[in-house]
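Structure first, commentary second.
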Amino acid sequence: MYKKAYGIIETLAPVHVGATAGEESGNLNLIFRDQFTQTGIIPGSSIRGRLRSEIRRTTGGEADANKWYGKEAETGKPDSTTESLVKFEYASLLWLPVFCPGQPIVWVTCPRLLKRYQRIAGDSVKLKDGKSLKSAKIPANYTGSQTLKALDINGKPKLFFNFGFLTVDKTDDLSAWFPLGEQLPAVVVADDEIAMIHDMALYRQSRVALDKEEKKAKKGAFFNTEALPEGSVLVFPIAIKENQENPEKWQPFGGADSTDIYLGGLESIGFGHCCLTLKEV
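Each residue of the sequence shown is one higher than the one before, counting from 671 in the numbering used here.
What follows is the structure in structure tokens.
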């Protein structure tokens with residue numbers, strides 16, 4: 671039997687989890703993406719690897735890391751791995767911040783991303799009427815939050831993105847869909863539109879390695895990096911296997927529910943800073 675829990679990631683800096691180009695390739699460092707919505711994800715293996723390193727740092731031992739997250743395979747030794755007691759799925763975007771003149775930031779999502787959050791956290795999140803989020807109706811396309819600013823003469827918020835205008839059909843209370851409590855200026859767009867908005871919102875940075883003797887780029891050492899922007903909110907499910915022989919509680923943060931953590935690569939240049947919050951653990 672498994673106990674269900676879930677985690678919420680809020681990016682406090684751009685987060686890059688994906689392909690890393692070497693100096694010889696000089697191409698675009700792409701992030702991992704969901705195959706259907708084409709929005710950024712953080713694989714469960716990346717989350718597990720970070721928490722494994724954290725438990726090594728706090729307890730100083732490999733035994734706890736192997737107990738909770740499984741023993742790593744040893745070369746030449748078949749069946750050397752063990753099953754982890756804590757299992758992670760990938761973290762998908764729930765809300766993506768996008769620059770919008772007049773707002774100036776709007777958080778965007780789509781029905782498919784909201785349905786995944788509803789499936790993960792629907793039993794534990796309660797609505798104002800006492801019902802669970804699992805029974806709530808997914809907000810319709812072009813529904814905005816009540817914190818949006820009205821821009822047109824009809825009182826309907828009209829949002830301007832780089833590709834054109836988007837008119838919000840109606841506003842509603844979307845606070846239940848914000849896992850961290852605060853209802854932000856937000857809008858729900860169609861599933862077939864989120865990929866275009868996502869590409870527009872990504873953080874991009876050009877990087878270069880200079881030659882030691884001259885102030886010029888090394889051959890093949892000029893490339894671009896893309897990352898999820900600061901302020902993104904992601905969600906991922908957790909399954910905790912019940913261990914009758916050792917009923918010890920999983921406490922990756924020493925009893926706290928949330929902590930600052932680094933995910934992905936390029937930490938040395940300021941990427942990867944996140945706040946990770948665990949729910950129902």
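Positions of the beta carbon are idealized from the N, C-alpha and C atoms, including for glycine. Model, not experiment: these values are computed from the prediction.
Check                                                                                                       : Outcome
Three-state class that DSSP yields for asparagine 736 in the structure shown                                : helix
Endpoints, the beta strand (DSSP E) within which isoleucine 775 is located                                  : 775-779
Touch test, the region 807-822 against the region 732-740, Cβ-Cβ under 8 Å, three pairs minimum             : no
Tryptophan 847 - DSSP class collapsed to helix/strand/coil                                                  : helix
Cβ shell of glycine 692 (< 7 Å), same chain only, five flanking positions each side left out                : In this prediction, glycine 692 has a pLDDT of 46, which is less than 50 and means its spatial position is unreliable; nothing more can be read from the coordinates.
Glutamate 896 beta carbon less than 8 Å from that of leucine 872                                            : yes
Below-8 Å beta-carbon distance, lysine 673 vs any chain D residue                                           : Absent from the structure: chain D. Only one protein chain is present.
6 Å Cβ shell around alanine 791 - same chain, five flanking residues per side excluded                      : Tyr676
Closest Cα partner of threonine 929 within the set Thr709, Gly688, Leu721                                   : Leu721
Histidine 686 to proline 713 span [Cα, whole Å]                                                             : 12 Å
Inter-residue Cα distance where the pair is proline 809 and threonine 751                                   : 44 Å
Nearest-angstrom Cα separation, counted from threonine 707 out to proline 781                               : 10 Å
For histidine 686, three-class secondary structure by DSSP                                                  : coil
Buried or exposed (CB count within 10 angstroms, at least 16 for buried), tyrosine 787                      : buried
Alpha-carbon spacing of serine 802 relative to aspartate 861, whole angstroms                               : 24 Å
Endpoints, beta strand (DSSP E) assigned at lysine 842                                                      : Per the sequence shown, residue 842 should be read as aspartate rather than lysine. Looking at the DSSP string, the run of the beta strand (DSSP E) that includes aspartate 842 is 840-842.
Option nearest methionine 870 by Cα separation, candidates Asp839, Phe831, Glu883, Val838                   : Phe831
Member of Trp920, Glu950, Lys949, His943 whose CA lies at the smallest distance from the CA of tyrosine 681 : Checking the sequence shown, residue 681 turns out to be threonine, not tyrosine. If we check each option's Cα against that of threonine 681, His943 comes out closest.
Where lysine 747 falls, given that 16 or more other Cβ within 10 Å makes a residue buried                   : exposed
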